[in-house]
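Colleague:
In this note's numbering, the protein residues as written are 6 to 285.
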């Protein structure tokens, strides 16, 4: 007899990936996990603590806060050298995307398209090998957060961060809430979500000279040298590091400029269930 063990919303992963038409996209997925196998001497398929620890650590070390590249997608070229990976791709209109990062910041996936289903299959094969022999099967599912209101996909990199947030092309799928005089303004939320759909939020100080119509960002961080080039129309620069706190402050200040007589409050999310609040 086999018994199934399940863990809903075990963790969530935040990353960016290349889409065949939309280009660089930030994303956030919740992870559902199901194991089946024989019971061990403790009457368990696997201890929940082991399940959570193994899965979270593997996700953190593999795809979380990375750029996922589907190597079978048209016009993708990648090159790996010692400790570094470079990726080049062309948007449907021929414009250039290029990213050079330490190798752990870019994950090459042997698929045509990054989807929850394709990534679940890719992760399952590798993750199953980590579990005790009593575990005979593993079913993994990635699920986008259900958001009733406005949301957008954004990518960024935090040069000054000690952890994986320093990677120049990682991202999130984030809701946004805007209040004017303590009343939520869903129309304004949607306007900003539309404006920032699939956006790269850059830091002005990271911008380097580039061809007309293109933005090139470069910086040195603890993990190594990072660079990113993409069309200007997909970018939005702010004068500070692009932490969620600074994003919330920037939005509140911009909205206050347009509505100087109103009290403004912005709740900016960074992926699932976390974010920052700024008032102006």
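The C-beta atom is built at its ideal place from N, Cα and C for all residues, glycine as well. Here the structure is a predicted model, which is why all the values come from computation and not from measurement.
Pick from 121, 97, 228 and 152: whose alpha carbon is nearest that of residue 34?
Modeller: 121
Colleague: How close, in whole Å, do the beta carbons of residue 116 and residue 77 come, if the pair is a contact with beta carbons under 8 Å?
Modeller: 6 Å
Colleague: How would you write the range of the alpha helix (DSSP H) that residue 256 sits in, first residue to last?
Modeller: 249-263
Colleague: From residue 291 to residue 138, what does the alpha carbon distance come to, in whole angstroms?
Modeller: With the chain represented from 6 up to 285, any question about residue 291 goes unanswered, as that position is not in the structure.
Colleague: In the structure shown, what three-state DSSP assignment does residue 133 receive?
Modeller: helix
Colleague: Quick check: the region 167-183 against the region 22-36, are at least 3 beta-carbon pairs closer than 8 Å?
Modeller: Segments in contact, yes.
Colleague: Looking at the structure shown, is residue 189 part of a helix, part of a strand, or coil, going by DSSP?
Modeller: strand
Colleague: Whose CA, out of 157, 88 and 166, lies closest to the CA of residue 199?
Modeller: 157
Colleague: Residue 275 by DSSP, collapsed to three states: which one?
Modeller: coil
Colleague: Using only CA atoms, which one of 261, 25, 146 and 141 lies nearest to residue 79?
Modeller: 25
Colleague: Excluding sequence positions up to five away, which residues of its chain have a Cβ less than 8 Å from the Cβ of residue 90?
Modeller: 83, 84, 105, 106, 107, 108, 110, 111 and 113
Colleague: What is the rounded straight-line gap between the Cα of residue 141 and the Cα of residue 150?
Modeller: Answer to the nearest angstrom: the Cα atoms are 29 Å apart.
Colleague: Would residue 20 pass as a contact of residue 234 if the rule is Cβ separation under 8 Å?
Modeller: For residue 20 and residue 234, no; Cβs fall outside 8 Å.
Colleague: Is it right to say residue 130 is buried, meaning 16 or more other beta carbons lie within 10 angstroms of its own, or is it exposed?
Modeller: exposed
Colleague: Pick from 280, 17, 237 and 256: whose alpha carbon is nearest that of residue 147?
Modeller: 17
Colleague: Enumerate, from N- to C-terminal direction, the unbroken alpha helix (DSSP H) stretches of 4 or more residues contained entirely within the region 55-91.
Modeller: none
Colleague: Please report how far the alpha carbon of residue 41 lies from the alpha carbon of residue 65, in whole angstroms.
Modeller: 23 Å
Colleague: How long is the line joining the alpha carbons of residue 195 and residue 274, rounded to whole angstroms?
Modeller: 14 Å
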